[in-house]
Amino acid sequence: MLRERLRKDIAATQKETRILTWQEWLTKKAYENNIRIDKKKRTILIEEARRKSVAIEKEKQHWKARNSYEKWLRSLECKEREAAKIQAKKTMAIMEENLARKEHLRKKASAKYEEWIRNKQINEKNERQRLEKEKIQSLKIFEHRKYESQEAYQAWIKKAALKSNANCTSYCYSNGILTSYYDSSAKPQPSYINPIPWDLGIADVTVDS
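At position 83 of the sequence shown (counting the first as 1) the number is 83 in my numbering, and the numbers step up by one without a gap.
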C-alpha cells in the first residue's frame, strides 16, 4: 500500500516535473523568440536609421555640391563680367584713340588743303598781275613804236614833198667799174630806212577792252 502510494507520488512528481520542464521550454522559447524579434527589429531600425543617415548625408552632399557649383558659377559670371568690362574699356579706349587720330589727320589735311588753296590763289593773282603788266608793257612798246613810225613817215612825206626833182640815178657796171647814169624811169632812192622792222612785237599784242 505504501509502495503504491510512493509509486504514485513518484509518478505525480515526474509528471509535475515534466509539466514544469515543458513550461520552462515554452517560456524559454518565447523569450528567445522575443529576443530574436527584438534583435531583428533593432537590426531593421538600425538599418533604417543607417539608410536615413546615408540619405541625409547624400542630401547634404547634394546641396553642398549644388551650393558649391552655384557659388562657382556666380564667381565665374562675376569674373566674366569683370573681364567683359575690362575688354569693353580697352575697346572703347582704342576706338577713341583711333577717332582722335583720324580727327587729327583730318584737321591736318584740311589745314594743308586750305594752305594750298591760299597759295594757289596768291600764285594765280601774281600770275594775272604779271601777265597784265606784260600786256601793258607790250602795249606801251607797241604804241611807242607806232608813234615813232608815224612820226618818221610824216617826216619822210614832208621831206619828199620839198624835193622838186627826184633823183633818177641808176647804176651799172662799165668795164668792171660801178658807174652812175641818168634814168628817167628809175625809182627814187628811199630817204628813210626804219631801223626797227614794222612787224617786230606787234603781231602777238592784244589789248583788253
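Glycine included, each C-beta is placed from N, C-alpha and C at the ideal position.
- CA-CA distance, H62 to K79, rounds to 25 Å.
- Within its own chain, no residue has a Cβ closer than 6 Å to the Cβ of K146 once the five positions on either side in sequence are excluded.
- Across the structure, S138 and N119 are spaced so that their CA atoms are roughly 28 Å apart.
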